[in-house]
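Q: To start, I am sharing the structure in question, which I have written as structure tokens.
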Amino acid sequence: METHVADLGAVELATYTSLLGIRGFEEHAQDLFSRSLIRGSTHLGIGQEAVAVGARLASRPGDLVVPTYRGHAYALAWGMTFDAAFGELLGRVTGCNSGRGGSKHFADREKGVLPGNAIVAAGLPIGCGTALADRLVGRDRVTIVPFGDGATNQAAFHEALNLAAIWSLPVVFLCENNLYGEMTPLHRTVRIERLADRGAAYGMPGVQADGMDVNAVASVLSEAVERARPGGGPTLVEALTYRFCGHMPGDTEPYRTREEVDEWRARDPITSQRKAARRAGVGESEIRDLETAVAAALDAAEAAAIAAPPPEIADIGLGATEWMEWER
Amino acid sequence: MSEGASRVLTYREAVREALSLELENDPDVFVMGEDIGQYGGVFKVTDGLLARFGPLRILDTPISEAAFVGAAVGAAMTGKRPVVELMFMDFALVAADQLLNQAAKMQFLSGDQFRVPLTIRTQQGVGSGTAAQHSQSLEALFMHLPGFAVALPSSPADAKGLLASAIRADHPTIVIEHKALYGTKGEVPEGIYRTPFGQAALRRPGSDVTIASYSRTVHVALAAAETLAAEGIEAEVIDLRTLVPLDYDTVLDSVGRTGRLVVAHEGHRNAGAGAEIAARVSELAWHALRAPVRRVCGLDIPVPYAAPLEAAWLPSSEAIARGVRESLGSATSPQAA
């Protein structure tokens, strides 16, 4: 497939924009948390953005994603607006889930984003189900289920891989291996070198991708997505990535060295993609203008969310089923 | 919907008929579970459905409850109406995350973006020596955590009508059948009808005491009422039919007339459905009560295997009758004096 040079510049710039928006959003989230404006916790994926953006590049409009609690990147890559994302982070009525879910559960039905799941492997069976529904009605859609390396030790991971394999479901299991299951190094929780090898146990391909390189992720995932779509069955993709931030705010990170973090930071996907855009012919001033515009959009959305009202207490029953009682 | 003809069916046949009619009625309905297709289900409830509806509507699953319950959640979130057979209620605990953290919460935590029109069909209770991991009554778990509507039919007609309502609901429902009821018979209307959730049924009128029950224990309570009638005690027997929502109006109306309430069920007493019913009735009808609410339940130990132990574990009709006599013999509460 030939891409015109000017087009290539536009493509690389669009990818950069997506990465930059996600990184910027999560940096805002760090700041908002430090100012006590975010309740509970917030689990950021700073450094891992190339995986989500690569997944979006590999999928078609309408394809579904079933993210985890570390899922901001997927919601934004799938097209959630900054307003909806900041609103939810701050528990505002303008949030994507109307303030009912918070950081862990970003959902956007219109955009094909199922609720982020705070049980690490729970999304895998659910993703089997969205794929099963598509298979039963003959819909030409693929479900991508991202999850962390830690999830590969939960039973639901194994049950879901097996179910997807026996039914050849149109689903792609996307493991973001960032080397740590929460605060515990992966090598202390599994005996194998490559998590992708777990695919073989269920009769599906298991492939690795450089999770710091958006185009490498997109390339490996494209193959998996296009195998799944016509009924070729699921794939386990292991994206080798790294989170530059802690698992959660307040994570003291005794499990890794500063040198290790710096080594991975040298492969920052945002920096790499900026260079890729430049190489593709995008001018420095155009990039700077874009960076200014993204920063301004983030600032504006954050300010709007801070100014937005919280949900009305009278509406506490939104999303409660008719069987639930929410009046005292 | 009562103008249609009815005929005698077993409880098993009534459930199967509800499934067949809903499968015919709505292409989004599909059924999945362990051994439900080719084998027809271990209790033969789904017998013949695979031949009739094919493998895209009747799905045999691996023994993998987290996977297929989770898959049903995902399918329900994207437009299907899955009906999952959990072979034994005890297996709900294998899929507890998908049931109670996922299905029960998705609509709420998504801010009403995603609904989960999922039906879980299962069976529970003490039957014939199935012991501690195949005999439990776990309805209280689903009553405690908001999210599922909970039905426990005691008759073939309700087994059909409540399941039909469950499948049409836009929310998660669990219809808990009783393994000892599958062979019981009763009049069942033909065609589609939907028994509403939240409407108890008066199974026997009486003026002296109210017995509230559900599932198989309704029949045990009716037997107790017969015994008591011979002693000149008229017990009113209410079949709650659904625990979520629970028809407190019918219970309170009855207690308003009798002043006495005995709750009888097979689930454990400690923090069981009876505890909640007793608490609500005490809150809402304290002045009508002439005796403390009594509970006659399964013992608070696991279900034993040996026949005499199993029988002793169950709430018997004699135990229910004794509960009623104790209620009638109780000192009048100060409030009602």
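Protein sequence lines, in the order shown, are assigned to chains A and B.
Start counting the first sequence at 208; every next residue gets the next number (my numbering).
Start counting the second sequence at 950; every next residue gets the next number (my numbering).
We put the CB at the ideal spot given by N, CA and C, even for glycine.
Would L438 (chain A) be called buried (16 or more neighbouring beta carbons within 10 Å of its own) or exposed?
A: Checking the displayed sequence, the identity of residue 438 (chain A) turns out to be Gly instead of Leu. So G438 (chain A) ends up on the exposed side.
Q: Could you give the distance in angstroms between the alpha-carbon of S248 (chain A) and the alpha-carbon of L1035 (chain B)?
A: S248 (chain A) and L1035 (chain B): Cα-Cα distance of roughly 35 Å.
Q: So, does the CB of A1020 (chain B) fall closer than 8 Å to a CB anywhere in chain A?
A: By this cut-off, A1020 (chain B) is an interface position.
Q: Looking at A1224 (chain B): is its Cβ nearer than 8 Å to the Cβ of I1269 (chain B)?
A: For A1224 (chain B) and I1269 (chain B), no; Cβs fall outside 8 Å.
Q: What's the call for V957 (chain B), buried or exposed, on a 16-neighbour Cβ count within 10 Å?
A: Answer is exposed; the Cβ neighbour count stays below 16.
Q: From A:H235, A:V378, A:A221, pick the residue whose C-alpha is nearest to that of H250 (chain A); which is it?
A: Cα-wise, what sits closest to H250 (chain A) is A:H235.
Q: Determine whether the Cβ of C335 (chain A) lies closer than 8 Å to any Cβ atom of chain B.
A: Yes, C335 (chain A) counts as interfacial toward chain B.
Q: Where does T1079 (chain B) sit, in a helix, a strand or coil, going by DSSP?
A: In this structure, T1079 (chain B) counts as coil in the three-state DSSP scheme.
Q: Taking DSSP as the reference, what is the three-state secondary structure of Y988 (chain B)?
A: Coil at Y988 (chain B), not helix or strand.
Q: Span of the beta strand (DSSP E) holding K1134 (chain B)?
A: Unbroken beta strand (DSSP E) run through K1134 (chain B): 1134 to 1138.
Q: Considering only the alpha carbon of each residue, which of B:G1078, B:A967, B:D977, B:F1063 lies closest to A1108 (chain B)?
A: Cα-wise, what sits closest to A1108 (chain B) is B:A967.
Q: If you reduce the DSSP assignment to three classes, tell me which class D1009 (chain B) lands in.
A: If DSSP states are grouped into helix, strand and coil, D1009 (chain B) belongs with the strands.
Q: Identify the residues that DSSP records as bridge partners of D1188 (chain B): which are they?
A: The partner list for D1188 (chain B) (beta bridge, DSSP) reads B:A1150, B:S1162.
Q: Per DSSP, what are the beta-bridge partners of A1100 (chain B) in this structure?
A: For A1100 (chain B), which the question treats as bridged, DSSP gives the partners B:V1124, B:T1191.
Q: Strictly below 8 Å CB to CB, what residues from chain A border Q1051 (chain B)?
A: Within 8 Å Cβ-Cβ: N324, I326, A329, I333.
Q: DSSP state of R436 (chain A), grouped into three classes?
A: DSSP places R436 (chain A) in coil when its eight states are reduced to three.
Q: Compare the C-beta of S426 (chain A) against all C-beta atoms of chain B and say whether one is closer than 8 Å.
A: False, the Cβ-Cβ gap to chain B never drops below 8 Å.
Q: Which partner residues does R1244 (chain B) have in the DSSP bridge list?
A: B:V1212.
Q: With DSSP run on the structure shown, which of helix, strand or coil describes S1276 (chain B)?
A: Three-state result, S1276 (chain B): helix.
Q: Counting pairs of Cβ atoms below 8 Å between the stretch 422 to 438 of chain A and the stretch 372 to 382 of chain A, do you hit three or more?
A: A contact exists between the stretch 422 to 438 of chain A and the stretch 372 to 382 of chain A.
Q: Mind checking if H250 (chain A) is an interface residue toward chain B, Cβ cutoff 8 Å exclusive?
A: It does not: the Cβ of H250 (chain A) has no partner Cβ on chain B nearer than 8 Å.
Q: Would you say D1039 (chain B) lies against chain A (beta-carbon separation less than 8 Å)?
A: D1039 (chain B) does not count as touching chain A.
Q: Cβ closer than 9 Å: which chain B residues qualify as neighbours of G308 (chain A)?
A: Within chain B, the residues near G308 (chain A) are F1057, L1058, S1059, G1060.
Q: Check whether the Cβ atoms of P456 (chain A) and S305 (chain A) sit closer than 8 Å, and answer yes or no.
A: The answer is no: Cβ separation not under 8 Å.
Q: For H1217 (chain B), write down the residues that DSSP places opposite it in a beta bridge.
A: Beta-bridge pairing links H1217 (chain B) to B:G1247.
Q: Under three-state DSSP, which class holds I373 (chain A)?
A: Reduced to three states, the DSSP call for I373 (chain A) is helix.
Q: Thinking C-alpha only, which one of B:P1154, B:L1248, B:G1272 is nearest A1261 (chain B)?
A: A1261 (chain B) has its Cα closest to that of B:L1248, out of B:P1154, B:L1248, B:G1272.
Q: Below 8 Å between beta carbons: does that hold for A284 (chain A) and V421 (chain A)?
A: Cβ atoms of A284 (chain A) and V421 (chain A): not closer than 8 Å.
Q: Report the start-end ranges of each beta strand (DSSP E) in the stretch 417 to 461 of chain A that is 3 residues or longer and not cut off at the edges.
A: As far as the stretch 417 to 461 of chain A is concerned, its whole beta strand (DSSP E) runs of at least 3 residues are 442 to 447.
Q: How many Å lie between R965 (chain B) and Q1082 (chain B) at the Cα?
A: Between R965 (chain B) and Q1082 (chain B), the C-alpha separation is close to 25 Å.
Q: Excluding sequence positions up to five away, which residues of its chain have a Cβ less than 6 Å from the Cβ of M950 (chain B)?
A: Bear in mind that the predicted position of M950 (chain B) carries a pLDDT of just 47, short of 50, making it too unreliable to give a figure here.
Q: Hey, would you say Y278 (chain A) sits closer than 8 Å to E295 (chain A), going by beta carbons?
A: Note that residue 278 (chain A) corresponds to Gly in the displayed sequence, not to Tyr. Not a contact, by the Cβ cut-off of 8 Å.
Q: I want to see whether chain A comes within less than 8 Å of A1280 (chain B), judged by CB atoms only; does it?
A: Note that A1280 (chain B) scores a pLDDT of 45, beneath 50, so its modelled location is shaky; the value from the coordinates is reported in the next line. No, no contact with chain A.
Q: At the level of alpha carbons, what is the spacing between A416 (chain A) and Y960 (chain B)?
A: Taking the straight line joining both Cα atoms gives about 54 Å.
Q: In angstroms with no decimal places, state the Cα-to-Cα distance between A502 (chain A) and G231 (chain A).
A: Those two C-alpha atoms are separated by around 7 Å.
Q: Under 8 Å Cβ-Cβ, which residues of chain B neighbour L381 (chain A)?
A: Here the premise fails: no neighbours, minimum Cβ distance about 16 Å.
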